[in-house]
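Notes follow the structure.
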Amino acid sequence: MDRRSLLAGLGSLPALALAGPRSFASTTTVDVKKGGVVTMIAANEPPALLSFVNSSSLVFSGRTTEGLLEFGHDMKPQPLLATDWEVSPDGLTYSFKLREGVKWHDGEDFTSADVAFSIGVLKKFHPRGRTTFAQVRAIETPDRLTVILKLEKPTPYLLTAMSSAESPIVPKHRYGDADPLTHPNNIAPIGTGPFVFKEWVRGSHAIWERNPNYWNRSLPHIDRLVGRFILDPAARTIAFETGDVDIGYRTPVPYRDIERLKKNPKISFEEKGYAYDPPNIIILEANLENEYLKNLKVRQAIAHCINREAICKIVFFGNAVPSAAPVVPYHKEFHNGQPSPYPFDVNAASKLLDDAGYARGAGGMRFTLTLDYTGEDQRVLGEFLRASLSRAGIGVELRGQDMGTLVKRVYSERGYALHLASISNLFDPQVGVQRLYWSKNLIKGVPFSNGTAYSNPEVDTLLEDTAVSLDKQERIAKWKKIQEIVMRDVPNFPIAMPLWLTISRVRISDHTTNAEGFEGSMARVQVIA
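Under the working numbering, think of the first position of the sequence shown as -4, with each following residue one higher.
Here it is in structure tokens:
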């Protein structure tokens, strides 16, 4: 299969529209304006600035590191660090020709050895890379600008995983034999991208400056990017109104403030830029090693306490779609739209808990669980869930923290009972969702892997079958079966898919030029006023 055939065979993803009046940002300008500073906003401060082994760093990673490919709004692959590629007819050999003359930010040459090293680490440590590259049995580098991947079995979504955010290529000479999970390059990254990391002041900001030696001599257009960490949601809204920040993605302000901002002529909204990484599914995750949550009846009771429709209306102000399934409604073909086998029914929840032997004690509570969260939207959702669960006699103690603390508590220390997570499905459920339920993906210390410790041999088999099938209809049918099983087993509780917007000041243009949107390089962004 040659590159042209590949391009023709890839479909595009549908767009989601946000209800109500909208103001759209211009995403392409004719005359290029050079120079200026753009200030980005982040609702959480990530534990690292590189998504190499930590997917929570997607907000910033693409500024410094690049993938082999990038993807247009139609999800067709385009050259980046790879200038050409070919897939064998049996889907078992992927050949990439690399761009010549690319330099790392420290002046070293970019070569095929860097690609081989990066894919090897992604396969071992990345929460989704373990699935994406599971079938890669050999990585050949016949010369400094050629990489050949040999697969045991086909991986239908592998090419689409080669983006900057999902599979960043990092410098082998920088990492050496050190632990990639804790390497300093994750904190102060060196890459091949259009911006060079300058500084990270914890609790305040990070800065990237224009790469004067970028391989694309016409880019980037601006001189500097500043990323500000503003954890207070009300302060983020005010920062947009005062002009202290220029842009943020994934609806960076409280949903209650959207209509207010739409009335501001200096602020614009963009719905594009989420085809590669669609809106997340909000999930309440359960630690199945917890003394209460390992009991299926307790988890069924919790499921009966979740009123998804009310949550979408009250918590997200109507800007969310309810979903009891982990594959988001955005992926229409793969999404299982069946209702939860445990509909909202507090009386049914109480009976299950009675049957499980958990009698009500003083104050009507049977036992108490800690619910960990991060961010204002999750706090509000946590309060809503606490009120619902208390009606069935389950006490909830809310515990807020920053993202780094939550990641450590859940995935390293395993010191949690319930926690709220915003989980990306990405471009294929195999990449975004399998990691949550595959028993082989329970890896201590790896964020956003199988944090519940769920294990079901039937689900494992279905996941492994769909991962190598080239029959799309077979994959769709099996993915719907997977969702049916996990909705029954309830190792976690999918709740809703909030709709996403990129918000910017109108003086900022060309920030959303492909399917990766804000998670891309931002090389083409301009300050036009």
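Beta carbons are placed, not taken as given, at the ideal position from N, Cα and C, and that holds for glycine.
{"query": "Would you mind listing the beta strand (DSSP E) stretches within the region 302 to 388 that are 3+ residues and don't spill past its ends, in chain order?", "result": "315 to 317, 362 to 368"}
{"query": "Are the region 56 to 69 and the region 158 to 169 touching, with three or more C-beta to C-beta distances below 8 Å?", "result": "yes"}
{"query": "What residues in its chain sit with their C-beta under 7 Å from that of ARG361, if we drop five residues either side in the sequence?", "result": "LEU348, TYR353, ALA354, ARG355, GLY388, ILE389"}
{"query": "For a minimum of 3 consecutive residues, which ranges assigned as the beta strand (DSSP E) are wholly contained in the region 81 to 163?", "result": "88 to 93, 131 to 138, 141 to 146"}
{"query": "Measure the alpha-carbon distance for ALA518 versus LEU413 and round it to whole angstroms.", "result": "39 Å"}
{"query": "Are the beta-carbon atoms of GLY410 and THR369 separated by less than 8 Å?", "result": "no"}
{"query": "Taking the continuous beta strand (DSSP E) assigned at TRP474, which residues delimit it?", "result": "From DSSP, TRP474 is part of no beta strand (DSSP E) but of the alpha helix (DSSP H) over 467 to 484."}
{"query": "Use the C-beta contact count for ASP172: other C-beta atoms within 10 angstroms, 16 or more gives buried, fewer gives exposed.", "result": "exposed"}
{"query": "Applying the criterion that 16 or more other CB atoms from any shown protein chain within 10 Å of the CB defines a buried residue, is ALA20 buried or exposed?", "result": "Its pLDDT being 46, under 50, ALA20 is placed unreliably in this model, and the coordinates cannot settle the point."}
{"query": "Relative to the C-alpha of ALA448, which candidate in LYS435, PRO489, ASN509, GLN130 has its C-alpha closest?", "result": "LYS435"}
{"query": "What does DSSP give as the partner residue(s) for GLY62 in the beta ladder?", "result": "For GLY62, which the question treats as bridged, DSSP gives no partner whatsoever."}
{"query": "Determine the DSSP secondary structure at VAL522, reduced to helix, strand or coil.", "result": "strand"}
{"query": "State the CB to CB distance for the pair PRO321 and ILE276, rounded to an integer number of angstroms; the pair is presumed to be in contact (CB under 8 Å).", "result": "6 Å"}
{"query": "Could you give the residue range of the alpha helix (DSSP H) that holds GLU280?", "result": "Taken as a continuous stretch (DSSP letters only), GLU280 belongs to no alpha helix (DSSP H), being part of the beta strand (DSSP E) at 276 to 281."}
{"query": "Does the contact criterion of 3 or more C-beta pairs under 8 Å hold for the region 269 to 284 versus the region 505 to 512?", "result": "yes"}
{"query": "If the criterion is Cβ atoms closer than 8 Å, does the pair VAL191 and HIS100 meet it?", "result": "yes"}
{"query": "What is the C-beta distance between VAL562 and LYS28, in whole angstroms, given that I count them as a contact (C-beta under 8 Å)?", "result": "Outside the modelled stretch of the chain, which goes from -4 to 524, sits residue 562, for which no answer is possible."}
{"query": "If you run the structure through DSSP and keep just helix, strand and coil, what is THR508?", "result": "coil"}
{"query": "Would you call the CB atoms of SER516 and GLY57 closer than 8 Å?", "result": "yes"}
{"query": "DSSP state of GLY67, grouped into three classes?", "result": "coil"}
{"query": "Would the region 425 to 433 count as touching the region 334 to 341 if we require 3 or more Cβ pairs under 8 Å?", "result": "no"}
{"query": "Are the Cβ atoms of VAL316 and VAL375 separated by less than 8 Å?", "result": "no"}
{"query": "Going by DSSP, what residue range makes up the alpha helix (DSSP H) through THR400?", "result": "398 to 402"}
{"query": "Could you check whether SER318 and MET492 sit closer than 8 Å to each other, using their CB atoms as the reference points?", "result": "yes"}
{"query": "What residues match up with GLY243 in a beta bridge as DSSP calls it?", "result": "ILE498"}
{"query": "Identify every run of the alpha helix (DSSP H) within the region 159 to 232, keeping only runs that are complete inside it and at least 4 residues long; order them along the chain.", "result": "167 to 170"}
{"query": "Could you give the distance in angstroms between the alpha-carbon of GLY313 and the alpha-carbon of GLU40?", "result": "27 Å"}
{"query": "Between PHE443, PRO179, ILE297, TYR89, which has its C-alpha nearest THR136's C-alpha?", "result": "TYR89"}
{"query": "Excluding the five sequence neighbours on either side, which residues of its own chain have a C-beta within less than 8 Å of the C-beta of VAL391, listed in chain order?", "result": "THR363, LEU364, THR365, LEU366, GLY377, LEU380, ARG381, LEU384, SER385, LEU413"}
{"query": "Check this for me: beta carbons of PRO247 and VAL323, under 8 Å apart or not?", "result": "no"}
{"query": "Going by DSSP, name the residue or residues bridged to GLU284.", "result": "Looking at the DSSP assignment, GLU284 forms no beta bridge with any residue, so it has no partner."}
{"query": "Check whether the Cβ atoms of LYS262 and PHE224 lie closer than 8 Å to each other.", "result": "Correcting the residue identity first, residue 262 is Ile in this sequence and not Lys. No, Cβ-Cβ distance for ILE262 and PHE224 is not below 8 Å."}
{"query": "Since THR127 contacts VAL426 with CB under 8 Å, what's their CB separation in whole angstroms?", "result": "6 Å"}
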